[in-house]
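S.K.: One structure, pasted below without further comment.
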Amino acid sequence: LEKILSFGSIKYRRHNNNSDLTNDIADKLSVGLLVGWVQGRAEFGPRALGNRSILGDPRSVDMKERLNKRVKFREWFRPVAPAILHEFGTEYFENYQESPYMERTLYFRSEVRDKVPAVVHEDGTGRLQTVKKAWNPLFHQLLSTFHAKTDIPILLNTSFNVMGRPIINTVNDAITVFFTTGLDVLVIGRYVLTK
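Taking our numbering, the leading residue of the sequence shown gets 1, the next gets one more, and so forth.
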C-alpha cells in the first residue's frame, strides 16, 4: 500500500490509533458514504465478516439501492446484511440467536424496522452477523462508535466485491474496486483513502 501511495496521486490519511480511525469512519458512514473496509487477514468463505467488507448506514432508505447500482452492480432484490453488536440482538430481532457467520436469517422486530430500512429484507428478515469484541475488536469498536453517534448498533455489511467476482484479497484488489466503482472511501488498516 505504501508503495502504491508513493507513486500515485491518491488522497489519503493515516490515523495514529484505532480510536481516531473508528471515529473518522463512523462520521463518514453516518453522512451516507459507502466505505470499503479492509483489515487484517482475509476471511475464508462466502461472507464478509468485518475484514473484507463494504459498509454503509442502515438508516438510509436508498442505501441498498445505491450500493447495488454504484458498487455491486447487481439486481435490486439482493439483500445486504445487518452487522449488529451482540448486546443489542434481542432489541432488534425476534427469537434472537447469535450468528457470527451470517448463517441465520431472523425476523426484525416490527417496531425497529423503520430505523434500519437498508438492511431489512422484503419479508422483514435480516441475515445478521453478530459482532462481539472478543471476536473482532476493531469491527466491534467501529460499530460501537457508530452506535454512540447515531443510537443505531448496526451497520450495513456486504462482501467487498462486485457481482460475479470473488471477495477482494489483496491491496491491489481493494484499490481496483475502489477506483472502478462508486465507493466513496477505502480503509486499509489505518489508512483512509478518498476520492
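Positions of the beta carbon are idealized from the N, C-alpha and C atoms, including for glycine.
Check whether the Cβ atoms of Ile-188 and Arg-59 sit closer than 8 Å, and answer yes or no.
M.R.: On the sequence shown, position 188 is the one that residue 188 refers to. On the sequence shown, position 59 is the one that residue 59 refers to. Not a contact, by the Cβ cut-off of 8 Å.
S.K.: Do the stretch 101-114 and the stretch 135-142 make contact, defined as three or more Cβ pairs closer than 8 Å?
M.R.: The stretch 101-114 is not in contact with the stretch 135-142.
S.K.: Using beta-carbon positions only, say whether Val-80 and Leu-34 come within less than 8 Å of one another.
M.R.: Along the sequence shown, one-based indexing puts residue 80 at 80. Along the sequence shown, one-based indexing puts residue 34 at 34. No; because the gap between Cβ atoms is not below 8 Å, this pair is not in contact.
S.K.: Cα separation between Arg-41 and Val-116?
M.R.: As a working mapping, residue 41 is identified with position 41 in the sequence shown. As a working mapping, residue 116 is identified with position 116 in the sequence shown. So the alpha carbons of these two residues sit roughly 29 Å apart.
S.K.: I'd like the ranges of any beta strand (DSSP E) spanning at least 3 consecutive residues and lying wholly in the stretch 5-41.
M.R.: Listed in chain order, they are 11-14 and 35-38.
S.K.: Are there 16 or more other CB atoms within 10 angstroms of the CB of Thr-130, so buried, or fewer, so exposed?
M.R.: To locate residue 130, count along the sequence shown from 1; it is residue 130. It is buried - the Cβ of Thr-130 has at least 16 other Cβ atoms within 10 Å.
S.K.: Assign Gly-56 to one of two classes, buried (16 or more other C-beta atoms within 10 Å of its C-beta) or exposed (fewer than that).
M.R.: Reading the sequence shown from its first residue, position 56 is the one you call residue 56. By the neighbour-count rule (16 or more Cβ atoms within 10 Å), Gly-56 is buried.
S.K.: In the stretch 84-152, which residue ranges form an unbroken alpha helix (DSSP H) of at least 4 residues, counting only runs that do not cross its ends?
M.R.: The qualifying runs are 89-92 and 137-150.
S.K.: Determine the closest residue to Phe-146 out of Ser-19, Arg-13 and Leu-5, with distance taken between C-alpha atoms.
M.R.: For the purposes of this step, residue 146 is taken as the residue at position 146 of the sequence shown. Looking at the Cα atoms, Ser-19 is the closest of the given residues.
S.K.: At what residues does the alpha helix (DSSP H) containing Thr-194 begin and finish?
M.R.: Here residue 194 corresponds to residue number 194 of the sequence shown, with the count starting at 1. No alpha helix (DSSP H) contains Thr-194, which is instead part of the beta strand (DSSP E) from 191-194.
S.K.: Quick check: Phe-108 and Phe-93, are their CB atoms within less than 8 Å of each other?
M.R.: Translated into the one-based positions of the sequence shown, residue 108 becomes position 108. Translated into the one-based positions of the sequence shown, residue 93 becomes position 93. Yes. Within cutoff.
S.K.: What does Leu-55 pair with, by DSSP beta-bridge criteria?
M.R.: Position 55 of the sequence shown, counted from the start, is the residue given in the question as residue 55. Answer is Val-35 and Asn-157, bridged to Leu-55.
S.K.: Please work out which residues of its chain come closer than 6 Å, Cβ to Cβ, to Ile-154, disregarding the five sequence neighbours upstream and downstream, and give them in chain order.
M.R.: The residue given as residue 154 occupies position 154 in the sequence shown. Once the five neighbours on either side are set aside, the close Cβ partners of Ile-154 are Pro-58, Pro-82, Ile-84 and Val-116.
S.K.: What is the rounded straight-line gap between the Cα of Arg-74 and the Cα of Lys-64?
M.R.: Translated into the one-based positions of the sequence shown, residue 74 becomes position 74. Translated into the one-based positions of the sequence shown, residue 64 becomes position 64. Approximately 11 Å, taken between the alpha carbons.
S.K.: Specify, as a first and last residue, the run of the beta strand (DSSP E) that Leu-67 falls within.
M.R.: Start at 1 with the first residue of the sequence shown, and residue 67 comes out as number 67. Counting along the chain, Leu-67 falls outside any beta strand (DSSP E), though it belongs to the alpha helix (DSSP H) covering 63-67.
S.K.: In the structure shown, what three-state DSSP assignment does Ile-188 receive?
M.R.: Looking up residue 188 in the sequence shown gives position 188. Strand, per DSSP.
S.K.: Beta-carbon separation of Ile-175 and Ala-48 under 8 Å?
M.R.: As a first step, residue 175 is located in the sequence shown; it is residue number 175 there, counting from the start. As a first step, residue 48 is located in the sequence shown; it is residue number 48 there, counting from the start. Their beta carbons are not under 8 Å apart, which means Ile-175 does not touch Ala-48 by this criterion.
S.K.: Does Phe-44 pass the burial test, meaning 16 or more other C-beta atoms within 10 Å, or should it be called exposed?
M.R.: Position 44 of the sequence shown, counting from 1, holds the residue named residue 44. Counting Cβ neighbours within 10 Å, Phe-44 comes out exposed, since fewer than 16 surround it.
S.K.: Secondary structure at Ala-174, three-state DSSP: helix, strand or coil?
M.R.: Sequence index remark: in the sequence shown, residue 174 carries index 174 (1-based). Here Ala-174 sits in helix by DSSP.
S.K.: In the DSSP output, what is Pro-82 paired with across the bridge?
M.R.: Sequence index remark: in the sequence shown, residue 82 carries index 82 (1-based). Leu-156.
S.K.: Between the alpha carbons of Ser-159 and Val-120, how many angstroms are there, rounded?
M.R.: For this step, residue 159 is matched to residue 159 along the sequence shown. For this step, residue 120 is matched to residue 120 along the sequence shown. The straight-line gap from Cα to Cα measures roughly 17 Å.
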